[in-house]
Amino acid sequence: MNWLDWLGDFFSAPDHRSGPDAIVHRVSEHLLFSGEALLYAALLAVPLGLLIGYTGRGVTAVTAFAGATRALPTLGLVTLAVLLIGVGETAVLIALVALAAPPLLVAAVEGVRGTDPDVRDAARGIGLTHPQVLWQVCVPSAAPALLAGLRTATVQVIATATVAAYVGLGGLGRYVIDGLATRQFSSTVGGALLVVLLAVLAQALFALLARFALPSGVRAQLRAR
146 MNWLDWLGDF FSAPDHRSGP DAIVHRVSEH LLFSGEALLY AALLAVPLGL LIGYTGRGVT
206 AVTAFAGATR ALPTLGLVTL AVLLIGVGET AVLIALVALA APPLLVAAVE GVRGTDPDVR
266 DAARGIGLTH PQVLWQVCVP SAAPALLAGL RTATVQVIAT ATVAAYVGLG GLGRYVIDGL
326 ATRQFSSTVG GALLVVLLAV LAQALFALLA RFALPSGVRA QLRAR
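In C-alpha cells, the structure reads:
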C-alpha cells in the first residue's frame with residue numbers, strides 16, 4: 146500500500162468518525178493541550194520579557210537561556226517531569242511551556258528594545274510614568290515582534306504536542322504512537338498529516354491577523370521581520 150491508500154483507510158475508518166478515537170475529538174484534545182501551554186507560557190514569559198526589555202537588565206541572560214533551550218529534547222523533559230511529579234497532563238504542559246516560553250520571552254525583550262529611544266524620551270518628557278511609557282509606547286511598538294514570537298511558539302507547540310500520547314494522554318499523537326505500536330501505518334500517516342495541517346492552518350491564521358487586524362505601519366514592521 147502507498148500513503149494515499151493509508152490516508153483513505155484512515156479517514157474512512159468508523160472509529161475515526163465518532164467515539165473517543167474520532168478525528169474531531171483528537172483534534173480538540175490536541176488544540177486544548179496546545180492552547181493551555183501557550184497561555185501559561187505567555188503569562189510567564191511576556192510580562193518578564195517586557196520588563197527586561199524596558200530596563201535592559203538581563204538581556205544577555207535571556208539570549209543565552211533561549212539558545213540553551215533549543216537543545217533540550219521535549220520528550221526528555223516529559224520523561225523527567227513524569228519521574229518527578231507522575232503521569233498526567235501537568236507533565237506534558239511543563240514540557241510544552243518550556244518549549245513555547247523562550248520565543249515569547251525573546252520576542253517581548255527585542256520588541257521593547259526596538260522602540261525608538263527618542264519616542265520613549267519624548268513620552269517621559271510630557272510626564273508619562275515608566276509603566277505608562279511601557280504600556281502606551283513600547284508595547285504597541287513591540288506588537289510585530291510579539292506576534293512573530295507567538296506564531297513561532299504556536300507552530301512549535303502544535304507540532305510537538307504529540308508527546309502527550311507517550312504518557313497515555315490524548316491528542317493527535319495517539320494516532321501516531323498507537324499506529325506505530327500496532328503497525329497500523331494508516332493511522333500513523335493520517336495522524337502526522339493532521340498535525341502538519343494544524344501547523345499550516347496556524348501559520349495562515351497569523352498571516353491573516355497580520356494582514357487585517359494590525360495597523361498598516363505595524364504590518365509593515367512584521368513583514369520586515
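In the working numbering, the protein residues as written are 146 to 370.
The beta carbon of each residue, even a glycine, is placed where N, CA and C say it ideally should be.
Small disclaimer: the values here were computed from a predicted structure and weren't measured.
- Taking all protein chains in view, the Cβ of V302 is crowded by 16 or more other Cβ atoms within 10 Å, so the residue is classified as buried.
- Residue burial is scored here from C-beta neighbours: I322 has at least 16 other C-beta atoms within 10 angstroms and is therefore classed as buried.
- The Cβ neighbour count for L291, taken over all protein chains shown within 10 Å, is at least 16; the residue is labelled buried.
- Residues of the same chain with a CB within less than 6 Å of the CB of T297, apart from the 5 flanking positions on each side, are P248 in chain order.
- About 3 Å separates the CB atoms of A253 and G194; that is less than 8 Å, so the two are in contact.
- Within the same chain, Cβ atoms closer than 6 Å to the Cβ of H175 are found at A306, G316 and L317, the five residues on either side in sequence being excluded.
- The residue among G201, L189, D166 and T299 with its C-alpha nearest the C-alpha of E255 is G201.
- Apart from sequence neighbours up to five positions away, the residues of its chain that approach V257 with a beta-carbon distance below 6 Å are L195, G198, Y199, C283 and A287, ordered along the chain.
- As for any alpha helix (DSSP H) of minimum length 4 sitting wholly inside the region 160 to 214, the runs are 168 to 200 and 204 to 214, ordered along the chain.
- Sequence-distant partners of A246 (beyond 5 residues in either direction) whose C-beta falls short of 7 Å from its own C-beta, in its chain, are A186, L189 and A190.
- In its chain, beyond the 5 residues on either side, I197, G198, V254 and R258 have a beta carbon closer than 8 Å to the beta carbon of V204.
- Contiguous alpha helix (DSSP H) elements confined to the region 236 to 319 occur at 262 to 270, 275 to 278 and 284 to 305, taking only those with 4 or more residues.
- Secondary structure at Q348: helix, using DSSP grouped into helix, strand and coil.
- Contact between V223 and V312 is confirmed by a C-beta separation of about 6 Å, below the 8 Å threshold.
- In the displayed model, G233 falls within coil according to three-state DSSP, outside both helix and strand.
- Going by beta carbons, A309 and F178 fall inside the 8 Å limit.
- For V207, the closest alpha carbon among the candidates D166, E181, V251 and A226 is that of V251.
- With respect to the 8 Å criterion, V227 and A236 are classified as neighbours on the basis of their beta carbons.
- R265 sits buried, since 16 or more C-beta atoms from the chains shown fall within 10 Å of its C-beta.
- Distance from the Cα of V341 is smallest, within the candidate group V300, T327 and F351, for V300.
- The Cβ-Cβ distance between A304 and L238 does not fall below 8 Å.
- Assigned with DSSP and collapsed to three states, R356 falls in helix.
- Assigned with DSSP and collapsed to three states, A158 falls in coil, not helix or strand.
- Less than 8 Å separates the beta-carbon of E234 from that of L314.
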